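Just so you know, the sequence shown maps onto residues 0 to 216 in numbering that gives the first Met the number 0.
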Amino acid sequence: MSRTRWQADETRRDPHAHYAQGVRAVFIHHTDTPNNYDCADVPRTLRNLYTGQTRDRRWGDFGYNFLVDKCGTIYEGRAGGADRAVIGSHTLGFNQGTAGIAAIGTFGLGTPVPAAMEHAIAALAAWKLGLSGIDPTSKVRLTSTNDESRYAKGTSAEFDAISGHRDGFATNCPGEALFARLPAIRDIAADLQGRSLRARSGTGLPVNLRSVRLDGR
0 MSRTRWQADE
10 TRRDPHAHYA
20 QGVRAVFIHH
30 TDTPNNYDCA
40 DVPRTLRNLY
50 TGQTRDRRWG
60 DFGYNFLVDK
70 CGTIYEGRAG
80 GADRAVIGSH
90 TLGFNQGTAG
100 IAAIGTFGLG
110 TPVPAAMEHA
120 IAALAAWKLG
130 LSGIDPTSKV
140 RLTSTNDESR
150 YAKGTSAEFD
160 AISGHRDGFA
170 TNCPGEALFA
180 RLPAIRDIAA
190 DLQGRSLRAR
200 SGTGLPVNLR
210 SVRLDGR
C-alpha cells in the first residue's frame, strides 16, 4: 500500500530522499506494537508510528523502507520510490545499501509469526534483492558507518543477505520468534527468485512487482 493510500502527511518529512547505488541486504525488524490489531486499522497505526519517528525522533521520514502486517499487506514506509535504493534509518551503521522491512507487531519468544506476513516479507525481500541480483540465501559484506553499531565505523562485516536488526545493532529486534523464522524466509525468497531446485523444476513462482502490491489491490 502506497504512502498516499495510508495517508502519510508529506509535510512532516524531509522533501529530499537519499539514495545508495543498490540494495545488497535487507534487515528485518518488528515495530514492538500490539499484535491484536485489525488489519483495516493498520493505516492509523502507521500514521502514529510515522509521527513518532518524524516528530519525536526527528528522523526526517519513516525509518523503515517497508512495513508488513499480519494479513500480508505490504506498506511503503520511507518515501523516495519503492523500486529505488532509498537510504532509511532502520539499522544504525548499516543503512547504506540496505532496506529495512518491519513486521507490524511484537514477536518475542513463542509468538506465532503469521504465514501471510512471513510470505509477504520473503516476497518483498526477494524482489528488492533481485533488483541488484542478490541471492537471498547468500552472504554479503557491509561496512559500518557508525561506532554505535555492533561494529566500529569503517569495519567490514559479513551478514546474511536477509538479516535481523540485532545482527547489526545491540537490540532484541526483530524478536526471538521472528528471528528464528529468518532461515525459512530466506528459503522462500530464494524460491520466489527461481533459485531453488524446486523453483527451477517449474513449481516456484518468480518474484516481480506484482508480488509486492504496494497499490493495495
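Beta carbons: idealized from backbone N, C-alpha and C, even for Gly. Note that the structure is predicted; figures quoted are calculated from it, not measured.
DSSP state of residue i mapped onto helix, strand, coil
| i | result |
| --- | --- |
| ARG23 | coil |
| GLY79 | coil |
| ALA179 | helix |
| ASP17 | For the sequence presented, residue 17 should be read as His rather than Asp. The answer is coil: DSSP assigns HIS17 none of H, G, I, E or B. |
| ARG54 | helix |
| ALA169 | coil |
| THR44 | helix |
| ALA188 | helix |
| TYR74 | strand |
| SER200 | Its pLDDT being 44, under 50, SER200 is placed unreliably by the model, and the measurement read from it follows with that caveat. Residue state, collapsed to three classes: helix. |
8 Å Cβ shell around residue i - same chain, five flanking residues per side excluded
| i | result |
| --- | --- |
| TYR36 | THR44, ASP68, LYS69, ILE103, GLY104 |
Nearest candidate by alpha-carbon position, reference residue i, set the options
| i | options | result |
| --- | --- | --- |
| GLU175 | ILE27, SER1, VAL22 | ILE27 |
| HIS17 | ASN145, VAL41, TRP58 | TRP58 |
| GLY193 | GLY62, PRO33, ALA115, ALA121 | ALA121 |
| THR72 | ARG4, THR136, THR142, PRO33 | ARG4 |
| ARG2 | SER155, PHE178, ASP60, THR170 | ASP60 |
| SER155 | GLY167, GLY163, PRO33 | GLY167 |
| ASN34 | PRO42, VAL85, THR110, ASN64 | THR110 |
| ALA160 | THR32, GLY129, PRO135, ILE184 | PRO135 |
| ILE100 | ASP8, SER162, GLY129, ALA189 | SER162 |
| SER88 | ILE184, ARG149, GLY76 | GLY76 |
| SER148 | ARG165, GLY132, ASP40 | ARG165 |
| THR30 | PRO14, LEU130, VAL85, ASN64 | ASN64 |
| ALA114 | LEU181, ALA19, PRO14 | LEU181 |
Residues near residue i in its chain [Cβ-Cβ closer than 7 Å; skip 5 each side]
| i | result |
| --- | --- |
| LYS127 | VAL22, VAL25, ALA98 |
| PRO42 | TRP5, GLN6 |
Nonlocal neighbours in the same chain, by C-beta distance under 6 Å from residue i, ignoring five residues either side
| i | result |
| --- | --- |
| ARG11 | THR53 |
| PRO205 | Since pLDDT at PRO205 reaches only 41, below the 50 mark, its modelled position is unreliable, and the value read off the structure follows with that caveat. Result list for PRO205: GLY193, in chain order. |
| ILE187 | ALA121 |
| GLU157 | LYS138, ARG140 |
Span of the alpha helix (DSSP H) around residue i
| i | result |
| --- | --- |
| LEU225 | Because the chain is modelled from 0 through 216, residue 225 falls outside the range shown and cannot be assessed. |
Residue i - containing beta strand (DSSP E), residue span
| i | result |
| --- | --- |
| PHE158 | 155-159 |
| PHE65 | 65-67 |
| ILE100 | 97-102 |
| THR110 | Run containing THR110: none; DSSP gives neither H nor E here. |
| VAL139 | 138-142 |
Chain B within 8 Å of residue i, Cβ atoms only
| i | result |
| --- | --- |
| ALA114 | Although the question refers to chain B, the structure presented lacks it and comprises just one protein chain. |
Are at least three pairs of beta-carbons, each pair with one atom in the stretch 88-98 and one in the stretch 106-114, less than 8 Å apart?
no
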